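Chains as they are written, first to last, in UniProt numbering: chain A, 1 to 238; chain B, 1 to 238.
For each residue, glycine too, the CB sits at the ideal point set by N, CA and C.
Treat the numbers as computed from the prediction; the structure is a model and nothing was measured.
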DNA sequence: GAACACAATATTGTATACAATCCATTGCCG
DNA sequence: CGGCAATGGATTGTATACAATATTGTGTTC
């Protein structure tokens with residue numbers, strides 16, 4: 001499978017092949033083109049991206065580590081299906097971490113950072129206007145990650161990264177149709193607070209934004225998606 | 001060691017070979033038998049544990065993800081050497097997460113949990129008395145992880161797990177000899193607060209304990225350990 | 001016709017072989 | 001003698017082959 005050489009000049013640190021595959025899979029999950037529970041066969045993925053199972057396996061393990069996919073021994077990899085309990089924990093963790101990072105971001109953001117954030121929002125609006133809800137959701141997540149990055153806490157930013165990824169799955173599973181996706185407004189206010197160097201406001205805005213998101217999820221009904229068929233098909237009463 | 005998670009599959013699977021190797025390496029790092037910067041050759045490790053490079057590679061990738069080892073493309077894996085900046089970030093993250101988990105743990109701990117914690121302390125004392133400083137350090141870390149587990153936040157517990165692991169490296173690199181290792185006292189007080197269901201006290205005790213640890217590190221001197229030989233041997237002035 | 005046992009198939013787990021890359025030594029030339 | 005380039009060895013990156021395991025299909029028995 002020798003791919004023709006691209007026009008790319010020799011870069012000293014070419015991206016590892018497994019990272020490319022992991023990135024592509026991650027994007028597909030974030031944009032809800034892959035649904036929770038979907039089987040991710042190694043041969044199949046390898047064929048798509050023109051790499052061997054070795055690479056695919058590495059990519060899947062990487063995604064499994066951030067809990068975007070679940071790997072079951074001798075059974076394969078599946079797009080993860082966070083339980084309601086896990087969903088609650090993810091949002092509790094976000095509510096603990098992100099308000100603080102927003103505060104720090106307000107203290108450290110440069111003009112260029114603000115521009116980046118505004119560009120994110122613009123892209124998000126454009127995607128939404130184009131009806132590409134998956135892409136809008138993905139960009140919305142990137143917005144949060146960008147804030148953590150601006151805060152200069154790469155460790156916490158890594159955690160936020162993982163939490164955002166899982167949130168995407170959670171939204172795919174538990175989003176209530178009734179509640180509209182009106183985050184753009186919250187994001188806009190957040191940018192203004194950060195641009196205005198108003199740490200406390202940024203912190204409060206982030207907190208309430210996350211609480212809004214959390215409350216727009218349906219984590220109480222017993223309509224939890226089943227982890228296994230056996231679990232799914234059993235009568236609740238019996 | 002990691003206890004099996006709540007979502008145990010219906011079949012009791014043998015531990016994967018790569019997990020065994022990763023666990024062994026992790027333990028060696030935690031107990032300071034492997035120093036930061038040590039090269040981890042794949043063939044060498046494979047020979048030690050009687051497995052092929054495939055397994056070793058998986059284990060190393062797993063450890064790289066929690067930043068216990070650094071992998072450099074085409075150069076191999078090394079025990080990670082957190083910079084002073086990274087060290088600060090790790091402890092800032094711990095100071096953000098762990099006091100809260102201590103609070104929650106106080107609210108949820110069962111009698112059995114308290115016993116487990118006391119057993120941890122006893123083992124830690126025993127190891128220290130036996131002069132096994134590495135093992136004592138490891139057990140001290142497990143104590144913190146156990147508290148996060150008791151708090152019932154498996155997601156945050158996972159983060160704490162990673163932070164503890166990195167802390168072990170940080171202590172290996174930046175611990176000031178002058179300051180004595182007097183944590184046992186802090187851990188003891190923490191247990192009492194948790195046993196007494198005193199959440200606020202547990203939170204405060206955890207916070208001050210972490211601040212103590214943090215301040216016992218030497219994160220200001222420019223004696224940062226070099227990441228590479230080249231960097232180490234260059235004259236500072238030139 | 002239903003339930004079970006067994007065989008066939010497909011998929012994952014692991015080992016090994018080969019290719020690519022880096023590092024060190026060595027030899028050459030200034 | 002010092003710096004630079006070519007070359008050899010060692011190590012990692014990737015592909016493939018084989019082994020182990022789960023799942024599915026089929027036949028037999030009651």
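Residues that residue i contacts on chain B, provided the C-beta gap is smaller than 8 Å
i                     : result
residue 90 of chain A : 155
residue 96 of chain A : 96, 97, 100 and 156
residue 93 of chain A : 153, 155, 156 and 159
Nonlocal neighbours in the same chain, by C-beta distance under 6 Å from residue i, ignoring five residues either side
i                     : result
residue 16 of chain A : none
residue 99 of chain B : 203, 206 and 207
residue 49 of chain B : 21
Environment of residue i [buried if 16+ CB atoms lie within 10 Å]
i                      : result
residue 111 of chain A : exposed
residue 90 of chain A  : buried
residue 185 of chain A : exposed
residue 18 of chain A  : buried
residue 101 of chain B : buried
residue 47 of chain A  : exposed
residue 211 of chain B : exposed
residue 85 of chain B  : exposed
residue 158 of chain B : buried
residue 138 of chain A : buried
residue 141 of chain B : buried
One or two residues paired with residue i in a DSSP bridge
i                      : result
residue 71 of chain A  : A:77
residue 217 of chain B : B:175
residue 40 of chain B  : B:77
Where residue i meets chain A, residues with beta-carbon distance less than 9 Å
i                      : result
residue 190 of chain B : Ordered by position in chain A, no residue passes the 9 Å Cβ test against residue 190 of chain B, which lies about 20 Å from the chain.
Close Cβ partners of residue i (< 7 Å) along its chain, the five nearest in sequence each way excluded
i                      : result
residue 199 of chain B : 103, 106 and 107
residue 69 of chain B  : 40, 60, 63, 77, 78, 79 and 80
residue 75 of chain A  : none
residue 51 of chain B  : 17 and 21
residue 93 of chain A  : 163
residue 153 of chain B : 101 and 104
Chain A contact residues for residue i, given Cβ-Cβ distances below 7 Å
i                     : result
residue 53 of chain B : Under the 7 Å cutoff, chain A gives no residues; its nearest Cβ is about 11 Å from residue 53 of chain B.
Within chain B, partners of residue i - CB distance below 7 Å
i                      : result
residue 108 of chain A : The contacting residues do not exist; residue 108 of chain A stays about 13 Å from chain B at best.
heavy atom of the ligand SAH below 8 Å from residue i C-beta
i                     : result
residue 27 of chain B : Within the structure as shown, the ligand SAH is missing, as the structure has no ligands at all.
Contacting residues, own chain, Cβ-Cβ under 8 Å from residue i (five flanking each side not counted)
i                      : result
residue 143 of chain B : 117, 120, 121, 124 and 187
residue 135 of chain B : 31 and 127
residue 114 of chain A : 191, 194 and 195
residue 189 of chain B : 205
residue 173 of chain B : 36, 81, 82, 87 and 225
field: Near-chain B residues of the segment 59-83 of chain A - C-beta to any C-beta below 9 Å
entry: Cβ contacts with chain B come from 61, 62, 65, 66, 67, 70, 72, 73, 74, 75 and 83.
message: Against chain A, which members of the segment 14-46 of chain B pass a CB distance test of less than 7 Å?
response: Contacts with chain A (Cβ-Cβ distance below 7 Å) from the segment 14-46 of chain B involve 16, listed in chain order.
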